[in-house]
Amino acid sequence: EARDIVWPVIANDLAYTGQYWNSTGFDLWEEVSGSSFFTTQAQYRALIEGAELAERLNTTCGAACDEAPAVGCFLNSDSYWNGRHHIANINTNTQRSGKDANTMLGANAAFDIAASCDSATIQPCHPRALASFKQWPAMCEDIYYNGNPWYLITLGAGEFLFNAAHQWKAHGYITIDSTSLPFFQDLWPEAKVGTFKRPCSKNPKAPFNVIVEAANRYGDSFLSVAQKYTPADGSLAEQYNRDPPFEPQSARDLTWSYAAFVTAAARRAGEFPPTWVPANLPIPSTCAASSARGTYTPVTAAGAPDLGEVPCAAPVTFRVDARTYYGEDIYVLGGAPSLGNWNVENAQPLTADGYTDARPLWAIDVDLDAAGQTVTYQFVRRQNCGQGYIYETVNRTVDVPACGVTTPTVLEATWTGPVGTPGNC
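Residue numbers (full-length UniProt numbering): 1 to 425.
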């Protein structure tokens, strides 16, 4: 059942991750379009565990999970690191500080009690994770509801500290380097660069014991804050007001707030999720952009509708030079199911990964489900602020290759038609 029903569902998700991990998207707060540290870290874990699960089920994850080393290289590259802390969001068109709790929450999501503190998965005890913890507020740019505290972040901070302390105890030593030193000096002003082993005795003045105890007290302080501002009925909203009468704010009964309480309490009690980080986790010495074209299958065994015979598809790459303003997007629309069948709400969104001032390129790879046919299509602009769509003034055609062709047909175009203007929102 796991292999025949559950795995095909997971395999489709892994295929999507392997194909689009290097494309921009939105961060966990649904605010910033770009590359998100949290998202990259979650993608890395998904592909690693996907490969391991496939092996256990005597099946294969295919090319999607082979992307894991490239994702790990990106996660550990200086693209996400400025020398002081992790940069939460990159490849954006907005001016952001990069200080954001998403980096701390990502480390919690990657937590493995047995993983080393220098693991490429960026564990809570990783020097860069510790340095970043010292740097961030919730999010410098959080202005909604006046930027009040979030339960999930307050509880997550406590969980992060418990996680790190448990990892130090599991390893039997704490290593402080120049990157993590400022964090440790907050816990213990006498901290200095070096490795401090757990003593045989319970000497409370031993550096190892001092640091672990300080980290646990620090974690408890965050839980105490969350407890103080939890209503008598135990409900947890998204935020709580920092000003009297300290009432809950924003979304009520937020699922993640409750989940954050459960995991923070579990870590404090010494309860850990199953280990997942492989002993050998190679990372390329040089990072390179890559992608594995995904293959997707309707999972009828899990309840997906039976669509009958799925039309044979052939790979086609759509590329168009279209200068846009920030917030405007380009779609391809046409006479095939994978192009929306002329319903603009189902059109394919292009990505601007290769967009530059010199060449405003938008592109997408599509498995066009009309092999051996001629398909008519056009590009469409989706305006911001609910202004609607602007269509090209020309129709284009493509002769889709026959079934079995694996080399993409690349279509180059330049936008033809009116352009949009930013809305006032």
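Heads up, the beta-carbon is just placed ideally off N, CA and C, and yes, glycines get one too.
Asked                                                                                                                                                                            : Found
State the DSSP-derived secondary structure class of Tyr389, mapped to helix, strand or coil.                                                                                     : strand
Going by DSSP, what residue range makes up the alpha helix (DSSP H) through Lys99?                                                                                               : Taken as a continuous stretch (DSSP letters only), Lys99 belongs to no alpha helix (DSSP H), as it is neither H nor E.
Going along the chain, which residues of its own chain have a beta-carbon closer than 6 Å to the beta-carbon of Cys73, five neighbours each way excluded?                        : Ile283, Pro284, Cys287
Which two residues bound the contiguous alpha helix (DSSP H) that contains Gly50?                                                                                                : 37 to 56
Shortest alpha-carbon distance to Arg396 belongs to which of Thr409, Val410, Gly420, Phe379?                                                                                     : Phe379
Taking 7 Å as the limit between beta carbons, can you name the residues of its chain near Pro124, skipping five residues before and five after?                                  : Ala107, Asn108, Phe111, Phe160, Asn163, Ala164, Gln167
Helix or strand or just coil, what does DSSP make of Phe318?                                                                                                                     : strand
So which of Arg319, Ala336, Ser338 has the shortest CA-CA distance to Ile330?                                                                                                    : Arg319
Check each candidate in Tyr240, Asp399, Trp415 and name the one with the smallest Cα separation from Pro408.                                                                     : Asp399
Taking only the alpha-carbon atoms, compute the straight-line gap between Ser97 and Thr374 and give it to the nearest angstrom.                                                  : 48 Å
Are at least three pairs of beta-carbons, each pair with one atom in the region 27 to 34 and one in the region 90 to 104, less than 8 Å apart?                                   : yes
Considering only their Cβ atoms, is the gap separating Val9 from Ala302 smaller than 7 Å?                                                                                        : yes
Label Val277 either buried or exposed according to how many other C-beta atoms from any shown protein chain fall within 10 Å of its C-beta, with 16 as the threshold for buried. : buried
Is it buried or exposed for Gly359, if we count other Cβ within 10 angstroms and need 16 for buried?                                                                             : According to the sequence shown, residue 359 is Arg rather than Gly. Result: exposed.
Is the beta carbon of Gly327 sitting closer than 7 Å to the one on Asn384?                                                                                                       : yes
On the CB-based measure, 16 or more other CB atoms within 10 Å of its CB, does Cys425 come out buried or exposed?                                                                : exposed
By Cβ distance, which residues of its chain are closer than 7 Å to Ser79, with the 5 residues on each side in sequence left out?                                                 : Ile90
Output needed for Thr263: all residues of its chain with C-beta closer than 6 Å, excluding positions within five of it in sequence on either side, in chain order.               : Glu159
Consult DSSP for Gln249 and reduce its assignment to one of helix, strand or coil.                                                                                               : strand
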